[in-house]
Structures are given as structure tokens and as C-alpha cells.
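Count along the sequence shown from 1, then add 34; that gives the number in my numbering.
Heads up, the beta-carbon is just placed ideally off N, CA and C, and yes, glycines get one too.
Remember, predicted model here, so these are calculated numbers, not experimental data.
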Amino acid sequence: MDDYYSSPPAGFTLRRNGSCAANEKECDNPWGRWYDCCPEGTYCSSERSDNDRNVCCRTKSGCKALIEQDPHCANNETWDLYINNQDYFCCLQGKRGFVQTFSEGGAGIACADPGSGELDNPSQSLLNLVASGEL
């Protein structure tokens, strides 16, 4: 993966419960308390002309098609990649990706600590890990 436009820090966003870290940009708030975060120095969907969600790009012109050719997290060292249907997203290492279905319809994807009780809701399903961070 040596293409400037598709290699990290370009990649899929990190899903965080609460706010993004100091060295990350808060991009979207797709549902509830969950936020999409990108590394500093990248562009979120709201800053780009393509408006593709869940990706961090090095330029304002977009990069999702390139990233989908070799799916990876924007920080592929410490973030793990998950997929729900066609939607990729990343979790911090040690957390598990899940999907939660809503009684009024629709669903949300997020990350949780396995032993915290956050995954005790019967409307949640764990997702399979696609790729682990390199550290």
C-alpha cells in the first residue's frame, strides 16, 4: 500500500463512544453518543466534495473508492477494522465492533469493551474482525 492517496492516514474512520481524542478530528455523529474520528491532517466527509461517510482522506477530493480496493483503518497500527454489510469502520484494539438494531427501524454500528456490560443488549450483534492493527 504505497499510494499517497489511499495509504494511512487515509482510511476508514474510528468509531468512538463520546468525543474524539486530542490528536483526532471529530467528523460525524451518526447516532447516539457515537462519533466518527479521523487523524489530524486528514479530511472528514463534511470537509470534502464527495461526502462519503466513514472515510478519512488526505485531500478534499475524496478517496473512498481507492480505500475500498484495499480496506484499512486510517490508523492501521492501533485500530481494528470491522464491516457491517458494506460499511467498514474501525475500533480501538481491545474493543469489539457491533451492530445495534433499533425498534423503530434502522441500525447503528459501534465499538464496546467486551467485559463492560455494554454488549448485553439483545438488539446487538457482534461483528467479525476484518483486520487487526499492526501493533
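- If you look at residue 103, you'll find it in the alpha helix (DSSP H) that goes 98-103.
- Just so you know, the alpha carbons of residue 98 and residue 115 end up roughly 15 angstroms apart.
- Here residue 41 carries a coil assignment [DSSP, helix/strand/coil].
- Residue 73 has 58 as its beta-bridge partners, per DSSP.
- With a minimum length of 3 residues, the unbroken runs of beta strand (DSSP E) contained wholly in the stretch 121-145 fall at 121-126, 130-135.
- With a contact defined as Cβ atoms closer than 8 angstroms, residue 79 and residue 61 qualify at about 6 angstroms.
- The beta-carbon separation of residue 131 and residue 143, rounded to 7 angstroms, stays under the 8 angstroms limit for a contact.
- Counting only residues of its own chain and dropping the five nearest sequence neighbours on each side, residue 64 has a CB closer than 7 angstroms to the CB of 70, 142.
- The distance from the Cβ of residue 45 to that of residue 101 is about 6 angstroms, consistent with a contact at the 8 angstroms cut-off.
- Two segments are said to touch when three or more pairs of C-beta atoms, one from each, lie closer than 8 angstroms; by this definition the stretch 119-128 touches the stretch 45-59.
- Ranked by Cα distance from residue 103, the options 112, 120, 159 are led by 120.
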